[in-house]
Amino acid sequence: MHQELLGQLTPSQRQAVLHREGPLLVLAGPGSGKTRVITYRIAALVSSGINAYNICAITFTNKAAEEMRQRAAALGASAGARISTFHSLCVRILRRYAGYAGIDPHYSIYDEADQTRCIKQAIKECNLDATNFPPRRMLEAISTLKNKLIDATAFAADRDDFFSRTLAQVYARYQELLVARNALDFDDLLMKATLLLENNATVRQELSDRFQYLLIDEYQDTNHAQYRLANTLAARHGNICATGDPDQSIYRWRGADIRNILAFERDWPQATVVKLQENFRSTPAVLEVADRLIACNRNRKEKALIPVRSHEGEVTVTGYDDHSEEAHAVAREIGELIERGVSPKEIGIFYRVNAMSRALEEAFVRHKIPYQIVRGVEFYNRKEIRDVLAYLRVLANPADEIALLRILNTPARGIGKVTVDRVRDYAVRKGVTFFEALKQAGQIATLKSAARTKLSTFVRMIDSLTRKASGPAAPIIERVVRVSGLEESLHKAGHEGQNALENIDELVSAAAAYDLQSETPSLTDYLQQIALFSDTDAYDGSIERVALMTLHAAKGLEFEHVFILGLEDGTLPHERGSGSEEEMEEERRLFFVGVTRAKTNLRISYARYRTLRGQVLRTVPSKFLFELGPALAPQDREDFEEDDTGYAHSEMRRTAAVAPQPSAPFAPGELVRHKTFGLGRVKKFVDMGANSVVVISFNTGQTKSLLLQYADLSKP
DNA sequence: TCGAATTCCGTTTTT
DNA sequence: CGGAATTCGA
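This note's numbering puts the first residue of the first sequence at 608, with every later residue one more than the last.
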């Protein structure tokens, strides 16, 4: 063991690292250096003679994994340790043991857009109406089930209510569609790998032999599948080290179960527990605010934030008139900071919703401030990029019907809806994949001969591309762009097309980087890797730019100067996360995560009016602002507090710009029909002229306060 | 079959 | 308001 290596740690950190055998839980507050502890532990394990090959560290994002790899390498822990996210680990496992799992290893990974297409088809095929069974909801429900490792068959058993039975049907059909397309969604990756491990003794044996030391960061954000995977892997040797902070759990909506970390000591009774409460990041001013805030969560174990840094820092709360004033004031202030010599990369700006980046972007351009918006997947969501990737997916996995349908007529080659329908009919009749049907276009009687020719030309093109689709990804992409005619059609498309071509060039460069970094580059591997890119993966902390991101993306980062915007009820906490106490506490944790990113100065702001989807809304300062200590509380909340109407004291109100002709007033008890919510009964009518409010209890079970002038109510 | 025009729709966070 | 989906005319 290198003594000098450990000398850099505090006594409690050293203690954490040194517990080398058996289960270890590191409960670590923000800024406590917990990621550093993991890295040191890897180094310590390796230097005490353990083969790096037998170590598996799991991080929350690919970016975090990459950083950890670099730090471990700097500490002399040579390559060989598996450091990746849960999802990447599962991709590896499923590829290696595809045979055992009954999966074709060239499977496509379906993202949200692909999933939506699939679920829509499933809903349709179950003869259901998408209005009553919104695709989003259904996907959410299925995702929750998969995170709990409940498959369609298990869920279908003893369902008695109508919705569950229908969901079971849709779930089953959706899953059939995925299987037919040889595709897995994000949740499948976790579920299939975990179930494989649990149900197959050989695989379990091999993998727990391979990974004798398991280290998991951000354990508070693991979901049930990840929890089972980790615990199954560690069951034999018990060498599981989890680090996390229950106060920073912010992914409940995605299935993260805070109980996983709370139950660690129960799951592993012989566990050593180390608490890291010292904070090496923030000034006392920041920590005091953070502490007061998080103390408002009732469901939590009390934990101190002990400041180590002692120099001056400042926390402010500022109210602005509207979002653009807020954005410009922030931009101006940042401009001054930069003039005073602050490096732009030391500044982070956080907000609750991505939409808020617009106003900021505009202000930053105006003030000539260099910035980067951390939204990595955005690039991969551009039309031209998705088009190219769809070609690649078809080459790697011809069963991928979603991708196939996307490229069939992109660029336009005269293959329209009618032709597609006829081919699909044929495919269903013969029980073959869509691609098989395309190959047999000559035998599809319903097709016109012109269509047959176009289809067989297309098939020949795909076939010839497929023959050359092995090895490094970048040359394949270049060939696809050329041969498919994408290049030519974009070339003719003028300015927009030029832009698209530049993006495609960027894709090729990124693929070339992948080819270099990978030992055995392949199209399948490339596609599966980029499918798991996360937002923060695109963040480059070394370039001289101010970073703009959501609070979720801010996790794990730190900045000298932090700005958090939009502290208004409905925005932070978000209205969709203000329903239950649990949700509210998660919103508070989210804010807490943002606050604790600040090393020195923290600027919090809110706008009295905010434009949301085209409407100017009067806002109420966030309740969280009143939890930061008396000195920071805004003065004007009482103006917005509940008035005698009793209506929605914490909801945003619309300002009446123009009052449309008010419809006849509604009396309590009366039945009404709303365009979207359907039938309901009026509970209350608050007559405020153009701003009249109707409180309606709808038959769906929801109760809503609606502004009369916008509600579009009718009497049934 | 294509592309333009229009309507509709949904509104959080993301591996 | 802005993007997606659908419709409509050529």
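Note that the Cβ used here is the ideal one computed from N, Cα and C, for glycine as well.
When the distance is taken between beta carbons, is residue j closer than 8 Å to residue i?
i	j	result
LYS727	PRO742	yes
LEU840	ILE645	no
LEU869	GLY636	no
THR642	MET675	yes
GLU628	PRO951	no
PHE793	ALA775	no
ASN886	PRO914	yes
ALA672	VAL653	no
PHE1140	ASN806	no
LEU1097	GLY1104	yes
GLY920	THR1157	no
ALA1044	ALA1034	yes
THR1040	ALA1006	yes
GLY1186	ARG959	no
ALA832	ILE847	no
LEU632	CYS725	no
TYR820	ASP864	no
VAL981	ALA1160	yes
TYR1213	PRO1237	no
Where DSSP assigns a beta bridge to residue i, which residues make up the other side?
i	result
LYS882	LEU634
ALA1154	GLY955, GLN979
THR829	Paired residues: none, contrary to the question.
GLN1222	LEU1219
GLY1236	GLY1236 is not bridged to any residue.
GLY851	LEU634
ALA1214	TYR927
LEU802	In the DSSP output, where bridge partners are listed per residue, LEU802 has none listed.
PRO1228	GLU1175
ALA863	ASN830
Closest to residue i by CA distance: which of the options is it?
i	options	result
PHE1170	THR1040, CYS725, PHE957	PHE957
TYR704	LEU735, LEU814, PHE1041	LEU814
GLU940	ALA664, GLN620, SER639, ARG1210	ARG1210
VAL1001	GLY1023, GLY1163, HIS713	HIS713
GLY687	PRO1241, PHE818, ARG1029	PHE818
LEU803	VAL786, TYR707, LEU735, ARG788	TYR707
SER750	ASP828, GLN884, MET798	MET798
ALA997	ASP721, GLN622, ARG888, ASP1176	ASP721
LEU999	ASN961, LEU613, SER1129, SER889	SER1129
ALA1119	LEU900, GLN1136, ASN906, PRO1082	PRO1082
LEU1072	LYS1055, GLY1092, ARG744, ARG1059	GLY1092
LEU1232	GLU719, GLU1194, VAL1289, GLU1165	GLU1194
HIS626	GLU932, ALA1010, GLN877	GLN877
LEU638	GLN622, PRO891, VAL786	Before going on, a small fix: residue 638 reads as Gly here, not Leu. Among GLN622, PRO891, VAL786, the Cα nearest to that of GLY638 belongs to PRO891.
VAL880	TYR1121, GLY1148, ALA1138, ALA623	ALA623
THR1017	ARG1059, PHE971, PHE1065	PHE1065
LYS1046	SER715, ARG1067, LYS1037	ARG1067
What first and last residue would you give for the alpha helix (DSSP H) that runs through residue i?
i	result
GLU692	According to the sequence displayed, residue 692 carries Thr and not Glu. Note, THR692: premise wrong, no alpha helix (DSSP H); beta strand (DSSP E) at 689 to 692.
HIS844	Careful: HIS844 lies outside any alpha helix (DSSP H) and carries neither H nor E.
ALA790	No alpha helix (DSSP H) holds ALA790; the beta strand (DSSP E) holding it covers 790 to 792.
LEU1108	1101 to 1124
SER654	641 to 654
SER750	742 to 754
LEU1093	1093 to 1098
ILE868	866 to 869
ARG1204	Per DSSP, ARG1204 belongs to no alpha helix (DSSP H) and is neither H nor E.
VAL810	808 to 817
ASP994	990 to 1003
SER771	769 to 787
THR760	759 to 763
SER619	618 to 625
ALA679	669 to 681
Could you tell me the boundaries of the beta strand (DSSP E) in which residue i lies?
i	result
LEU1139	Neither: LEU1139 is in no beta strand (DSSP E) and is coded neither H nor E.
ALA664	662 to 666
LEU821	820 to 823
Query - Those runs of the alpha helix (DSSP H) which lie wholly inside the region 886 to 970 and span at least 4 residues - result: Runs of the alpha helix (DSSP H) lying entirely within the region 886 to 970 and spanning at least 4 residues, in chain order: 891 to 901, 930 to 946.
Query - beta strand (DSSP E) runs contained entirely in the region 1159 to 1194, provided each spans 3 or more residues - result: As far as the region 1159 to 1194 is concerned, its whole beta strand (DSSP E) runs of at least 3 residues are 1166 to 1171.
Requested in this report: Tell me the start and end of each unbroken alpha helix (DSSP H) in the region 1016 to 1090 that is at least 4 residues and wholly inside, in chain order.
Outcome: Listed in chain order, the complete alpha helix (DSSP H) runs (minimum 4 residues) inside the region 1016 to 1090 are 1024 to 1037, 1041 to 1046, 1056 to 1074, 1080 to 1090.
Query raised in the report: In chain order, which beta strand (DSSP E) runs of at least 3 residues are fully inside the region 702 to 726?
Result: As far as the region 702 to 726 is concerned, its whole beta strand (DSSP E) runs of at least 3 residues are 715 to 717.
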